[in-house]
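**Student:** Structure provided below as structure tokens; questions to follow.
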Amino acid sequence: MHKETVSTEFEHVWHIVPVDLKERSYDILIGPGLFLELAADLKRMDLAQKYFIITDSNVRDLLGVDLLRLLADEGMDAHMVSFPAGEESKKMDTIVSLAREMVNMGADRSTAILALGGGVVGDMAAFLASIYMRGIPFVQLPTTLLAQVDSSVGGKTGVDLPEGKNLLGTFAQPKRVYADIGVLASLPLKELRNGLAEVVKYGIIRSPELFETLERHGTQIINLEPEITSHIVAKSCAIKADIVARDELEGGLRRILNFGHTVGHAIEAAAGYQIAHGEAVAMGMVAAALLSVKKGILSMDEADRIKKVLEQLGLPVAIPPDFSASELINITRHDKKNVGGRTHFVLCNSIGSAVIRDDIGDEELAEVIERCKAQN
Ligand SMILES: NC(=O)c1ccc[n+]([C@@H]2O[C@H](COP(=O)([O-])OP(=O)(O)OC[C@H]3O[C@@H](n4cnc5c(N)ncnc54)[C@H](O)[C@@H]3O)[C@@H](O)[C@H]2O)c1
180 MHKETVSTEF
190 EHVWHIVPVD
200 LKERSYDILI
210 GPGLFLELAA
220 DLKRMDLAQK
230 YFIITDSNVR
240 DLLGVDLLRL
250 LADEGMDAHM
260 VSFPAGEESK
270 KMDTIVSLAR
280 EMVNMGADRS
290 TAILALGGGV
300 VGDMAAFLAS
310 IYMRGIPFVQ
320 LPTTLLAQVD
330 SSVGGKTGVD
340 LPEGKNLLGT
350 FAQPKRVYAD
360 IGVLASLPLK
370 ELRNGLAEVV
380 KYGIIRSPEL
390 FETLERHGTQ
400 IINLEPEITS
410 HIVAKSCAIK
420 ADIVARDELE
430 GGLRRILNFG
440 HTVGHAIEAA
450 AGYQIAHGEA
460 VAMGMVAAAL
470 LSVKKGILSM
480 DEADRIKKVL
490 EQLGLPVAIP
500 PDFSASELIN
510 ITRHDKKNVG
520 GRTHFVLCNS
530 IGSAVIRDDI
540 GDEELAEVIE
550 RCKAQN
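Residue numbers for the sequence shown follow the numbering used here, beginning at 180 and rising by one.
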């Protein structure tokens, strides 16, 4: 049904995934060692006269300083601004202070922003680019697996409010995305697993082939073997790009990307965001699979495969026993993604295919949550 832009073998280590959004189309470049090619490629693209790297305090030292030098070596007018790493920084105050720093350092309408970091950097730098002097170009340089397979693709930008995550933001597309899989080597295992949960999700909602790759090659993936890592990043980007191209502003189809996220978000919120997003989504995907079985649209064998692949990748599949089903249900009923007062659940009718349903009652949801807790 959807366009396969990535081959099913992993003999290639470099991939280009096009994101087809008419005049806002762009390419995602994927592979090891891209950082070394980046400056020359950017220069060829001739996006801007000045480049501002926006990054966080961790990535600044890991990669930012080197990138700044590589840009300077190409004779480019490059600068760097950063903020303390972590979701706590993802707020309007940080946007305002970065913008003021940029103004004071001479950033103008001939400037392009290079978003170097994980999803927090990507979301904020893209948001800032979309409003700075009414909008300047930006490029995504994602450095976490989650950012490479998810947040850098699709054009959602934003910051959090004390009232909730991502409540202020825009849709804005980058000019190009460079996903250098080599930079993932320094990523803590917990962060790698965060991204892997989203890769599993893409397999479940859209690609039996990706799902099988994850089942068969878990260890190679955890070890970040280049061909397979490149392959799963490219395949994930191709799936997200295809969905986004069909539904850029989340009118319908794009909602299937929320598979596992309704219960997952409730778990995160109930835990006061002390459980990692990917871990919460993994538990949420098991809940969504069991709901699908309950609705009679998925076989128990396939639900078991979903649970098993998550376990193999080191992700949790049981909801901790101290969570109350009624509290989780209450949070899902107030999710900002609800439409017209109804909670939409993404269910799976076979591995590789998802459906949106809004006919899930509190009782069946409570039963499934209790089953997920009983797996402890
Ligand atoms: N825009 C979207 O469509 C979208 C989709 C999914 C998630 N998000 C957002 O993404 C954010 C989460 O992103 P994240 O998980 O990348 O978190 P993050 O940006 O906080 O990065 C996680 C940690 O890894 C560090 N790090 C980054 N690259 C590294 C590297 N190569 N080596 C070692 N450490 C590195 C960071 O400094 C940080 O401490 C959330 O704010 C979420 O809302 C956005």
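Backbone N, C-alpha and C define an ideal beta-carbon position, used for all residues, glycine too. Note that this is a predicted model, so its numbers are computed, not measured.
Could you check where the alpha helix (DSSP H) with Arg355 kicks off and where it finishes?
**Tutor:** That residue, Arg355, is in no alpha helix (DSSP H); its beta strand (DSSP E) goes 355-359.
**Student:** My guess is that Ile383 and Cys527 are in contact by the Cβ rule of under 8 Å, so how many angstroms apart are they, rounded?
**Tutor:** Correct: roughly 6 Å between the Cβ atoms.
**Student:** Would you be able to state if there are at least three C-beta pairs under 8 Å between the stretch 210-219 and the stretch 353-371?
**Tutor:** Judged by Cβ distances under 8 Å, the stretch 353-371 makes contact with the stretch 210-219, as three or more pairs qualify.
**Student:** Mark Ala420 as exposed unless 16 or more other C-beta atoms lie within 10 angstroms of its C-beta, in which case mark it buried.
**Tutor:** It counts as buried.
**Student:** Would you list the residues sitting across from Ala294 in a DSSP beta bridge?
**Tutor:** DSSP lists Ile233, Gln319 as partners of Ala294.
**Student:** According to DSSP, is Leu208 part of a helix, a strand, or is it coil?
**Tutor:** Looking at Leu208 - three-state DSSP - the assignment turns out to be strand.
**Student:** Return yes when at least one heavy atom of ligand 3 lies under 6 Å from the C-beta of Ala264, else no.
**Tutor:** Of the ligands one can find in the structure shown, namely ligand 1, none is ligand 3.
**Student:** Does the beta-carbon distance from Val300 to Asp235 come in below 7 Å?
**Tutor:** In contact: Val300 and Asp235 (Cβ atoms closer than 7 Å).
**Student:** Counting Cβ pairs closer than 8 Å, one from the stretch 341-354 and one from the stretch 488-504, do we hit at least three?
**Tutor:** No contact exists between the stretch 341-354 and the stretch 488-504.
**Student:** Just confirm the distance between the C-beta atoms of Val460 and Gly439, as a whole number of angstroms; I'd bet it's less than 8 Å.
**Tutor:** Yes, they are in contact, since the Cβ atoms of Val460 and Gly439 sit about 5 Å apart, within 8 Å.
**Student:** Given Pro405, which residues of its chain have a CB within under 7 Å of its CB, disregarding the five upstream and five downstream residues?
**Tutor:** Cβ neighbours of Pro405 beyond the five flanking positions: Val192, Pro211, Ile360.
**Student:** Return the CA-CA distance between Met180 and Ser529, expressed in angstroms with no decimal places.
**Tutor:** With a pLDDT of 39 at Met180, under the threshold of 50, the modelled position of that residue is not reliable, and no figure is offered here.
**Student:** So the beta strand (DSSP E) Asp256 belongs to, where does it begin and stop?
**Tutor:** Start and end: 256-262.
**Student:** Apart from the five residues on each side of it in sequence, which residues of its chain come closer than 6 Å, Cβ to Cβ, to Asp272?
**Tutor:** Result list for Asp272: empty, nothing under 6 Å.
**Student:** Closest to Leu389 by CA distance: which of Asn373, Ser532, Glu543, Arg313 is it?
**Tutor:** Measuring from the Cα of Leu389, the nearest candidate turns out to be Ser532.
**Student:** Between the stretch 296-314 and the stretch 332-345, are three or more C-beta pairs nearer than 8 Å?
**Tutor:** As far as the Cβ criterion goes, the stretch 296-314 touches the stretch 332-345, which means the pair count is three or higher.
**Student:** With Ile170 as the anchor, note down where its alpha helix (DSSP H) starts and where it stops.
**Tutor:** The first residue shown for the chain is 180 and the last is 555, placing residue 170 beyond what the model contains.
**Student:** Consider the C-beta atom of Asn562 and the heavy atoms of ligand 1; say whether any pair is separated by less than 6 Å.
**Tutor:** It is not possible to answer for residue 562, since the shown part of the chain is limited to 180 through 555.
**Student:** By the 10 Å Cβ neighbour count, where 16 or more other Cβ atoms means buried, how is Gln319 classified, buried or exposed?
**Tutor:** Under this definition Gln319 is a buried residue.
**Student:** For the beta strand (DSSP E) containing Val465, list its first residue and its last residue.
**Tutor:** First-last for Val465: 456-473, but that is the alpha helix (DSSP H), not the beta strand (DSSP E).
**Student:** With a cut-off of 8 Å on the beta carbons, I'd call Asn412 and Ile209 a contact; round off their distance for me.
**Tutor:** For the record, residue 412 in the displayed sequence is Val; it is not Asn. Between Ile209 and Val412 the Cβ distance is about 5 Å, and since that is below 8 Å, they are a contact.
**Student:** Is it true that the CB of Ala326 sits closer than 7 Å to the CB of Gly343?
**Tutor:** Not a contact, by the Cβ cut-off of 7 Å.
**Student:** Report the residue ranges of all alpha helix (DSSP H) runs contained in full by the stretch 524-553; include only those spanning at least 4 residues, in chain order.
**Tutor:** Those alpha helix (DSSP H) runs which fall completely within the stretch 524-553 and span 4+ residues are 541-553.
**Student:** Check the C-beta distance from Leu507 over to Val442 and give it rounded, since I have them as a contact under 8 Å.
**Tutor:** Right, their Cβ atoms sit about 7 Å apart.
**Student:** So, helix, strand or coil for Lys270, using DSSP?
**Tutor:** Three-state result, Lys270: coil.
**Student:** Go ahead and label Met284 buried or exposed: buried means 16 or more other beta carbons lie within 10 angstroms of its beta carbon, across all protein chains shown.
**Tutor:** Exposed, because fewer than 16 other Cβ atoms sit within 10 Å of the Cβ of Met284.
**Student:** Using a C-beta cutoff of 7 Å, does Asn237 count as contacting chain D?
**Tutor:** Protein chain content of the structure displayed is limited to a single chain, and chain D is not contained in it.
**Student:** Going by the CB atoms, is the gap between Leu277 and Leu307 shorter than 7 Å?
**Tutor:** Result yes, Cβ atoms of Leu307 and Leu277 sit closer than 7 Å.
**Student:** Is Asn345 helix, strand or coil by DSSP?
**Tutor:** It is a strand residue.
**Student:** Since I believe Asp541 is in contact with His523 (beta carbons under 8 Å), could you give me their beta-carbon distance rounded to a whole number of angstroms?
**Tutor:** That belief does not hold up - the Cβ atoms of His523 and Asp541 are roughly 15 Å apart, past 8 Å.
**Student:** Please report the straight-line C-alpha distance between Leu200 and Pro321, rounded to a whole angstrom.
**Tutor:** Cα to Cα, Leu200 sits roughly 20 Å from Pro321.
**Student:** What three-state label does DSSP hand Val332 in the structure shown?
**Tutor:** Val332: coil per DSSP, three-state reduction.
**Student:** Keeping to the same chain, check which residues put their C-beta closer than 6 Å to that of Met312; ignore five residues upstream and five downstream.
**Tutor:** Closer than 6 Å at Cβ, skipping near neighbours: Arg288.
**Student:** Measuring only the C-alpha atoms, how far is Lys229 from Lys269?
**Tutor:** Spanning the two alpha carbons is a distance of roughly 25 Å.
**Student:** Which residues in the same chain as Gly457 place their Cβ atom closer than 6 Å to its Cβ, once the five residues preceding and following it in sequence are excluded?
**Tutor:** Closer than 6 Å at Cβ, skipping near neighbours: Arg372, Asn373, Ala376.
**Student:** Do you know how far the Cα of Leu242 is from the Cα of Ser365?
**Tutor:** Rounded to the nearest angstrom, the two C-alpha atoms are 10 Å apart.
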